[in-house]
Structure formats: structure tokens, C-alpha cells
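All remarks here apply to the structure that follows.
There are 2 protein chains.
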Amino acid sequence: MRTHVFFGGKGGVGKTTVSSAYALKCARTGIDTLIVSTDPAHSISDVFDQNFTDEPAAVERVDNLDAMEIDPEAETERHLMETKRALSDQVSPAMVNEVDRQIEMAHQTPGAYEAALMDRFIDVMRNSDEYDRIVFDTSPTGGTLRLLSLPDMLEGWIDRLVYKREQSIDLYERAAIGNEEPRRIMDGDPILDRLTTRKERFEFAGETLRTNAAFFLVANPDELSIRETQRAIDELQSYDLEVRGLAVNRLTPEPDPNENGRGARFLRDRVATERERLNELHENIDPPVVAEIQTRVSEVKGTILDTVAEELSIDVDQVSPDTVSSG
Amino acid sequence: MRTHVFFGGKGGVGKTTVSSAYALKCARTGIDTLIVSTDPAHSISDVFDQNFTDEPAAVERVDNLDAMEIDPEAETERHLMETKRALSDQVSPAMVNEVDRQIEMAHQTPGAYEAALMDRFIDVMRNSDEYDRIVFDTSPTGGTLRLLSLPDMLEGWIDRLVYKREQSIDLYERAAIGNEEPRRIMDGDPILDRLTTRKERFEFAGETLRTNAAFFLVANPDELSIRETQRAIDELQSYDLEVRGLAVNRLTPEPDPNENGRGARFLRDRVATERERLNELHENIDPPVVAEIQTRVSEVKGTILDTVAEELSIDVDQVSPDTVSSG
Chain A
1 MRTHVFFGGK GGVGKTTVSS AYALKCARTG IDTLIVSTDP AHSISDVFDQ
51 NFTDEPAAVE RVDNLDAMEI DPEAETERHL METKRALSDQ VSPAMVNEVD
101 RQIEMAHQTP GAYEAALMDR FIDVMRNSDE YDRIVFDTSP TGGTLRLLSL
151 PDMLEGWIDR LVYKREQSID LYERAAIGNE EPRRIMDGDP ILDRLTTRKE
201 RFEFAGETLR TNAAFFLVAN PDELSIRETQ RAIDELQSYD LEVRGLAVNR
251 LTPEPDPNEN GRGARFLRDR VATERERLNE LHENIDPPVV AEIQTRVSEV
301 KGTILDTVAE ELSIDVDQVS PDTVSSG
Chain W
1001 MRTHVFFGGK GGVGKTTVSS AYALKCARTG IDTLIVSTDP AHSISDVFDQ
1051 NFTDEPAAVE RVDNLDAMEI DPEAETERHL METKRALSDQ VSPAMVNEVD
1101 RQIEMAHQTP GAYEAALMDR FIDVMRNSDE YDRIVFDTSP TGGTLRLLSL
1151 PDMLEGWIDR LVYKREQSID LYERAAIGNE EPRRIMDGDP ILDRLTTRKE
1201 RFEFAGETLR TNAAFFLVAN PDELSIRETQ RAIDELQSYD LEVRGLAVNR
1251 LTPEPDPNEN GRGARFLRDR VATERERLNE LHENIDPPVV AEIQTRVSEV
1301 KGTILDTVAE ELSIDVDQVS PDTVSSG
């Protein structure tokens, strides 16, 4: 059974580094893995020094690993077009312009981006049977998580829509006894179909995230990041999503023991500060620290990624369904 | 005339540090300054070691400086209540529950957070006459910037609403010649009033951001941050908002020249990498680098903030309207 693994955390903490390293580690163990990035900066392409699109492609020189990059802006645009097309089939030609205008307005609102992204996530989760593991270099937060309550909202709309339709069909049928045309129209109602499909898609997403996914958070060893990590844990928990572990990135390396001078003092003092923050994480935050990753001299890519993968103490089997159900 | 100064950039780059240091610098020069934070982690309270609320309060031991913290979650809740109250006055009691339900649904959508925040920004921009400078530790992005196109959207709605009303009033008036009641109702139409007020508020926001505000971006010396900075510049530019300068934060300090060993080598190599990234910023990105701030041993707060303020080469007069118009 496929497992979805999400690496959340604020921008800049190193989600791409950790998720790429984890995906690499899974692939090296022989697990068929797909890594999905939603970073508009195309950071996965950077890490593997290869251009990816929104269709999965094999990562060169790495067996068992595919990668894809979802561009949220393009996705919002695609979503707009798709919605226009779907609705234009269902309204009279005279209404098309008006409907298009309304859809365009809806896509100008701040939430459109997240809605489009979530839709794409659901596509990936539904249609990637060839992979045993799908790794996301992000995790749903705030607005996107709220979309998980969409099925309940849609439920109410659908129920009321069905009720209203049934009322009018009853009227029609009483006026024309024996004519079942109105009921047939309702059975194939395209708007009801669309609402029902959306409801099912989001139900599937909620169910998948709750039963078949593992969440990790990436943090840095500073106070701000620790507070944000706690907030992210609480937020996920409020949607019944449990954080499996924390990966702490950007730890300062120690100087040699005999080293002295301004540089060595700076490093030792920083290591001491970060050690305190790490202790805070260990003591006050529930999910275990599953990785402590040192800052590299330059960006993590190419062969450096393998050394980071080795520093991850996330067991690649730890997130498999067996361990999930027994633990 | 008051100037609004925004410090944008991805989470974790150090917006709070730079904006607090800048606000401190303004205050020390005798400018009546307000710093506004929207960070849910209450980072401004942390920096000044003092609890702030969403009402401006004097920063202890610093003349001319007030601070306030807007909690976006609380703001979304407040916005929800406000909207419910305003509309409940305008619909029949039988409709109140249905309207409340619709408003609650709207507030479950991903954009509600940004909409509420933008509303609060507008309040602060409109109602803070006692300050000569208002510093925001964030900058509108993506969804929030899209709200600036709201006046045009509302314009269309209002026009059509007015047109529909006039049509029905004409009908009414023809049916009851001389009765001006329908026209009076339209003059005081609460929904039209509300739409018009919102349109004017957002027009004011767009106008203020374009003519009476300065935008700075905070970046870190790494490839990802540089790409994101370029994206943020482009995004702001697409709304006619120009970025005045870049503050580069988290620069690694150099070791002593005679230092040797693992620590010193790490620092020298990192300084070299960062120097390349800084050159990229200088060469490829238009707005000038106005600050280069070194990483401290621990979080920037208290007296460290003054030393950071000294490292800022943003002239506090640089953002005054005079310079804006002459430059």
C-alpha cells in the first residue's frame, strides 16, 4: 500500500533539502518513490540539477526515483480554465459570459491558489498507483487544511439543492402525471454531479491524509522556528493529523577542540545556543527529533544530498502502513 | 506627511529583526514611529521583551516608538463577527440564520485570513495620524495583493446592482405616480452603502501603497532566497509597487586572519559562498542592497537590536515623501 509523506515547516527552514534527502534514501532502499514539489522557485530541479515539469519524470542517475514540480500559479490558471469549460457546458450560451466573469472574480480571491493546489494534490494522491511512496516537500497548512472541512459544507449545499429540486419535480409531476422527464433530468443534473464529485474528492483527501500519510516538520534551532513548529503541530492536530517527527536543519558545526580566535569563539557560542534550543525541542515538544542536519558550506545538491540522507534517522520503513497500524 | 514602510520577504529570513531595527533607528532620530507586526509568533514582543496587543503601546525605554501586534487568527474571527452583525441588521429575522451560515462558510475558505488582515492594515493606515512613520514587519504578497484589484471588481457589482434597482424603482414609480418612497429606500440602501464603503477603503489602500509607501525586501545570502527575492520584486512590480532596497540578513562572520582548523575553514568557505551570492544580488537585481547584517550568536533582541540598527544603511529620510518625489 502506498504511503504519502509530507515535510512541512516555514519557508527557508530547508524542507526541500530534507524531503529530497528522504526521497533519495527511500529510493536507495528500493522503494518506488515520487517526490512532488510545489515550490515556485523550482528548488527540486536545483537539487537534482535537472528540469522537472508537472508530469513525473525519472531522476537521472538515481534508480526508483521520479520527481515532479507543481507550479501553483500555472495550476491556478489551469483550474480557472477547467472550471470555465466545465460550467460553460451547463449554462445557456447567453449566460456564458456572465458565468465566466463570476469565475474570474472568484479566482482573484486570495484562496484560489490554495484551492487549485489542493485539487492538484488530490490528483497526485489518486492517480499515482505505480509508486509505493509519494514524498511532498510541503505540508497543507492554514487555508489548505480548512479545505478538508469542505465535504461537510458541500454536504449541506447538496442536501438543500436536492431538496429544492425534488420539490419542483413533485410540482412538475403533479402537473403532468406519468411524465418522468423531470426526474430523469435531476438524475443527470450536471451541477449536482459536480458538487458530489468535489465532495467525494475532498472526502478522499481527508481520509488519505488521516489514515495513509505521515507528517514531518522541518525546524531550525532558533526560538522563532521552535514556536512556529509548535503552532504547526497544533494546527495539524486540530485536523486529526499527527506529526511523526521533527527534522532539525541548519545546525552550526563545531570548530576543532584546540582552535581559538574570533571564528572559533563564534562557532562555539552558536553551537551552545543551538544546543539549548535543541534541548527545548526534546523536552517541550512531543514528536521526536528524527534528524539533526548540519549547515553545509554551500547549497545542498548533487553528492552532498547523499551525505544529508545518511544523517536522517527516519527509518524508511517507519512510515509504512504496517508500522503505522502496529504503533 | 506620514510614510508607510513595509519589510517583505519569506518566513525565517529575519523580517522582524530588520523592521524592528529600522523602526528603532527612526525613533532614535526623533521620528514618531509605530511598528506593526502580523507575526502570529509574537516576535515583536520577543524582540522588545514586552507584551504588545493589537492596540499601539509605547515601547519601554525607547522614546518616539510605539508597537502593536495584529493576530491574524483573532482578526479573522473579529471580521467574521463584524460581518455577521452588520448584515443581521439588514435582513429579516427569518433570514439571519441562513445569512450567518453563508458568512461562516465564506470564512472557512483559504482567503478569509488575508482579507481580514488587509482590512486591519487599512484601519491602521487610515487611523494613525499621530505617527510620522508606520513600519510593517511584513509586506502584502500574492493573495493580499490581489485584493488591491477588489475596487474594480466591486465597481462592476455596484454598477449592476444600481442598474437593477433603478429598473425596479422605475416600475414601482410608474405603478404609483408621485410616490418617492422606493427612490428614498435606494438612496439609503445598506448593501449598496457597504459595497461602496469597501470599494473606497480598498481604493484608499491601493492609492496609499502606490504613492505613500516604501517597500524593502529582506533576503538571506543563498540561492533560494535570491530567487524568491526576484519573484517578490516582480510580483510587487506587477501591482505598480516598487522595491526600494534589499536588506541581506544572516551573513556569516569571518574568522581571524591567522585562525586555522576545521571551524575557521568552514567559516571562510561559507563567507566565500555568501560573497558570490551577494555579488549576484548586486549584479542581477535592481534595487540596491541597503543593509548587510551578520548572524549573531543568539536571537537579536534587547541591546543587540541597537547594533543591528547601526548596520542598516537605510537613511531614515530616504523614504520620506520629499525624496520619493525628487528621486
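These protein sequence lines are chains A and W, in that order.
Letter by letter, the first sequence follows residues 1 to 327 in our numbering.
Letter by letter, the second sequence follows residues 1001 to 1327 in our numbering.
The C-beta atom is built at its ideal place from N, Cα and C for all residues, glycine as well.
CB contact check: GLY342/A to chain W, cutoff 8 Å: The displayed coordinates of chain A run from 1 to 327. Any statement about residue 342/A would go beyond what the structure contains.
Helix, strand or coil at SER20/A according to DSSP, with G and I counted as helix: helix
Through-space distance from ASP315/A to PHE1136/W, alpha-carbon basis: If you take the alpha carbons of PHE1136/W and ASP315/A, they lie about 43 Å apart.
Chain A contact residues for SER1225/W, given Cβ-Cβ distances below 8 Å: GLY12
C-beta neighbour in chain A for TYR1113/W, strict 8 Å: For TYR1113/W, the answer is yes, since a Cβ of chain A falls inside 8 Å of its Cβ.
Buried or exposed (CB count within 10 angstroms, at least 16 for buried), PRO321/A: Unreliable positioning characterises PRO321/A in this predicted model, as indicated by a pLDDT of 48, which lies under 50. The coordinate reading is nonetheless provided below. PRO321/A comes out exposed.
Straight-line gap, GLY1009/W to THR1016/W (C-alpha atoms, nearest Å): 10 Å
Rounded Cβ spacing between THR1295/W and VAL1271/W (contact assumed at less than 8 Å): Between VAL1271/W and THR1295/W the Cβ distance is about 11 Å, and since that is not below 8 Å, they are no contact.
Nearest residue (CA-CA) to SER313/A, options ILE35/A, VAL124/A, GLY245/A, LEU281/A: GLY245/A
Same chain only: Cβ atoms within 7 Å of ILE1226/W, ignoring 5 sequence neighbours per side: ALA1219, ARG1277, GLU1280, LEU1281
Endpoints, beta strand (DSSP E) assigned at ILE1070/W: Segment: none, ILE1070/W is in no beta strand (DSSP E) and carries neither H nor E.
Contained alpha helix (DSSP H) runs [length at least 4] in the region 188 to 246 of chain A, N- to C-terminal order: 190 to 211, 223 to 237
Status (buried if at least 16 other CB within 10 Å, exposed otherwise) for ARG146/A: buried
Where the beta strand (DSSP E) through LEU1293/W begins and ends: Checking the sequence, you will find Ile at residue 1293/W rather than Leu. Here the beta strand (DSSP E) through ILE1293/W covers 1289 to 1294.
Residue-chain proximity (VAL308/A, chain W), Cβ-Cβ < 8 Å: no
Identified DSSP bridge partners for PHE52/A: Partner(s): none; PHE52/A has no beta bridge.
Beta-carbon proximity check, ALA41/A vs GLU75/A, cutoff 8 Å: Here ALA41/A is not near GLU75/A, since their CB atoms are 8 Å or more apart.
Extent of the continuous beta strand (DSSP E) to which THR33/A belongs: 33 to 37
Closer than 8 Å to chain W by CB, GLY206/A: no
Nearest-angstrom Cβ-Cβ length linking GLY1030/W and GLY12/A, presumed shorter than 8 Å: GLY1030/W to GLY12/A, Cβ: 35 Å. No contact.
Nonlocal neighbours in the same chain, by C-beta distance under 7 Å from LEU1241/W, ignoring five residues either side: LEU1209, ARG1210, PHE1215
C-alpha gap between PRO1072/W and TYR22/A, whole angstroms: 33 Å
Cβ neighbours of GLY14/A in the same chain (closer than 6 Å, five flanking residues each side left out): VAL218, ASN249
Range of the contiguous beta strand (DSSP E) that encloses HIS1282/W: Here HIS1282/W belongs to no beta strand (DSSP E); instead the alpha helix (DSSP H) covers 1262 to 1284.
Neighbourhood of PRO255/A by C-beta distance below 8 Å, restricted to the same chain and skipping five residues each side: Counting only Cβ-Cβ distances below 8 Å, and skipping sequence neighbours, we find GLY263, ALA264, LEU267, ARG268.
Positions along the region 269 to 294 of chain A whose CB lies within less than 7 Å of some CB in chain W: Per Cβ criterion, the list reads ASP269, ARG270, THR273.
Outcome for PRO140/A when other beta-carbon atoms lying within 10 angstroms are tallied against a minimum of 16: buried
THR1003/W, enclosing beta strand (DSSP E) - first and last residue: 1003 to 1008
Secondary structure of ALA41/A, DSSP reduced to three states: coil
Cβ-based burial, MET1068/W [other Cβ within 10 Å; buried from 16]: buried
Other residues of its chain near GLY302/A: CB distance less than 7 Å, five sequence neighbours each side excluded: ASP49
Closer than 8 Å at the beta carbon, the chain W residues around GLU259/A: GLU1259, ASN1260, GLY1261, ARG1262, GLY1263, ALA1264
CB of LEU24/A within 8 Å of CB of PRO56/A, strictly: PRO56/A sits away from LEU24/A, with the two beta carbons spaced by 8 Å or more.
Contact under 8 Å by Cβ, LEU1148/W with ALA1205/W: Cβ atoms of LEU1148/W and ALA1205/W: closer than 8 Å.
Length of the line joining the Cα atoms of THR1197/W and ARG160/A: Roughly 33 Å between the two C-alpha positions.
8 Å Cβ cutoff, ALA1027/W in contact with chain A: no
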